[in-house]
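Participant: Each number in the numbering used here corresponds to the 1-based position in the sequence shown with 37 added. We put the beta carbon where it would ideally sit given N, CA and C, even for glycine. Given the structure is predicted, the values throughout are model-derived calculations rather than measurements.
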Amino acid sequence: MANENKNKLIQDKINEFSSFTKKDIDEYIKVGKQLINLSINQNLDKNTFSYYCRNYCNFLINHSDFNYLLEVQSNVNSEIIKNYSEYDGMIPRVIIINNILLELIKSEFQIDNYSQLKGHSWIHLDAYIDTLKNIKNRNNEILKFGDHRHMRIWVDIKVLEDRISKLSLNSLNTKSEIAFCDLLRFFDWISYRLLVLLKENNDIKFTKTVSFYVKKSSRNLKDLSRLNLINEAIGVYQNYLSKQKELKDILPKEETKIKVSNRTEIFEKKVIPTVLAVGTVLISGVIYKVL
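#1: Closer than 6 Å by C-beta to I62: which residues in its own chain qualify, once you throw out the five before and the five after it? Chain order, please.
#2: Skipping 5 residues on each side, what residues in its chain have a beta carbon closer than 8 Å to that of L266?
#3: Do you know offhand how far F57's Cα is from F96's?
#4: Can you confirm whether the stretch 273 to 287 touches the stretch 181 to 197 when touching is taken to mean that 3 or more C-beta pairs between the two stretches lie within less than 8 Å?
#5: What does a CB cutoff of less than 7 Å around L162 pick up in its chain, not counting 5 residues either side in sequence?
#6: Here's the rule I'm using: 16 or more other beta-carbon atoms within 10 Å means buried, otherwise exposed. How should S111 be labelled?
#7: Can you list, in chain order, the residues of its chain with a C-beta nearer than 7 Å to that of F182? Leave out the 5 residues immediately preceding and following it.
#8: Quick check on DSSP: helix, strand or coil for D225?
#9: Kindly say whether Q275, judged by its beta-carbon, lies nearer than 9 Å to any beta-carbon of chain C.
#10: Check whether the Cβ atoms of F86 and S76 lie closer than 9 Å to each other.
#11: Give the straight-line distance between the Cα atoms of E123 and Q79, rounded to the nearest whole angstrom.
#12: Spatial neighbours of F54 within its chain, please: CB distance less than 8 Å, with the 5 preceding and 5 following residues excluded, ordered by chain position.
#13: Taking D63 as part of the alpha helix (DSSP H), name the residues at either end of that continuous run.
#14: Are the beta-carbon atoms of A270 and S228 separated by less than 9 Å?
#15: If you draw a straight line from the alpha carbon of V177 to that of R263, how long is it in whole angstroms?
#16: Spatial neighbours of T168 within its chain, please: CB distance less than 6 Å, with the 5 preceding and 5 following residues excluded, ordered by chain position.
#17: Hey, out of R200, D149 and E116, whose CA is closest to I22's CA?
#18: Is it right to say A39 is buried, meaning 16 or more other beta carbons lie within 10 angstroms of its own, or is it exposed?
#19: Tell me which residue opens and which closes the alpha helix (DSSP H) that I148 is part of.
#20: What's the call for K326, buried or exposed, on a 16-neighbour Cβ count within 10 Å?
#21: If you measure between the beta carbons of D199 and F223, is that distance less than 9 Å?
#22: Could you tell me if Q275 is buried or exposed, where buried requires 16 or more neighbouring beta carbons within 10 angstroms of its beta carbon?
#23: In this structure, how does DSSP classify W159 when only helix, strand and coil are distinguished?
#24: Of the choices S205, L154, S202 and K212, whose alpha-carbon is the least far from that of K173?
#25: State the DSSP-derived secondary structure class of S279, mapped to helix, strand or coil.
#26: Taking 9 Å as the threshold (C-beta atoms), are L261 and L206 in contact?
#27: Do I179 and Q153 come within 9 Å of each other at the CB atom, strictly closer than that value?
#28: Threshold first: 4 residues or longer. Then list the alpha helix (DSSP H) segments lying entirely within the stretch 197 to 277, N to C.
#29: Quick check: what's the CA-CA separation for L204 versus N42?
#30: DSSP on S102, reduced to helix/strand/coil?
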């Protein structure tokens, strides 16, 4: 009963931060530290941790430019919750890393506390740490995981389009440079999952097409050339996906008639995705379905 009361109290506190913003970061870091203490004393239940994860991921969605990093972090949460009795001992380490990222976001990435990030010999957590340590690296490897259904990949492509439309390469500062690096990884992650899907469907021809874009985008291209190539790939990917039965029956007709020829001009024209709002809602739902 005492444990239940402790968890109920901290759950009530967590719920006060269901939509916290940058001005609330310090207070949410304190909430995380309370969870660490409960976890160390083996008093933290799964629901309390899942509520904490929900708020944390909502913050990243609404107040950061991360997509790939968000997926990697959410994957850590999901693995812990799916196998709670096995991995609950990882919770203090995860929250410490979460708090480091919150401090970085609060400072607009002007502080340097990456040295506090150390590996823990668990592939999911190490991928999160590695992504953070290489947050400014344009060519860091991705973790090969994730949902590879047609609809989920389509939604992620729409989110990627939105990120591209808001990025300015003309005035890169530390924050926008980090956003650009995350965008590159997000594209690679989408491409990897599409390749898994194509392999399952034994689609050799389009596998070669996707592999071409992945290899070419990883070369030493200038930033704008690399982004234009990604825009071109997005059009090709959408063309393919829109013809698949899972999407063909539910997408608006204008979404299934995508012109690929002028995709390389999209970045300069700042085209806004037509289903942005739907994409954001869908990706949020996918992230939390296991919580």
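Facilitator: Taking the geometry as given:
#1: L139 and K143
#2: Y250, K253, S254, L258 and T301
#3: 7 Å
#4: yes
#5: V113, M127, R130 and V131
#6: buried
#7: N112
#8: helix
#9: The chain inventory of the structure shown lacks chain C, comprising one protein chain alone.
#10: yes
#11: 13 Å
#12: D61, E64, Y65, V68 and N92
#13: I62 to I77
#14: yes
#15: In the sequence under discussion, the amino acid at residue 177 is Asn, which differs from the Val named in the question. Roughly 15 Å between the two C-alpha positions.
#16: L106 and V109
#17: Since the first residue of the chain shown is 38 and the last is 328, residue 22 is not available in this structure.
#18: exposed
#19: Premise fails: I148 is in no alpha helix (DSSP H) and is neither H nor E.
#20: In this predicted model, K326 has a pLDDT of only 37, less than 50, meaning its place in the structure is not dependable; the value taken from the coordinates is given anyway. Exposed, because fewer than 16 other Cβ atoms sit within 10 Å of the Cβ of K326.
#21: no
#22: buried
#23: coil
#24: K212
#25: helix
#26: yes
#27: no
#28: 211 to 237 and 241 to 254
#29: 46 Å
#30: The amino acid occupying residue 102 in the given sequence is Asp; Ser does not appear at that position. The answer is coil: DSSP assigns D102 none of H, G, I, E or B.
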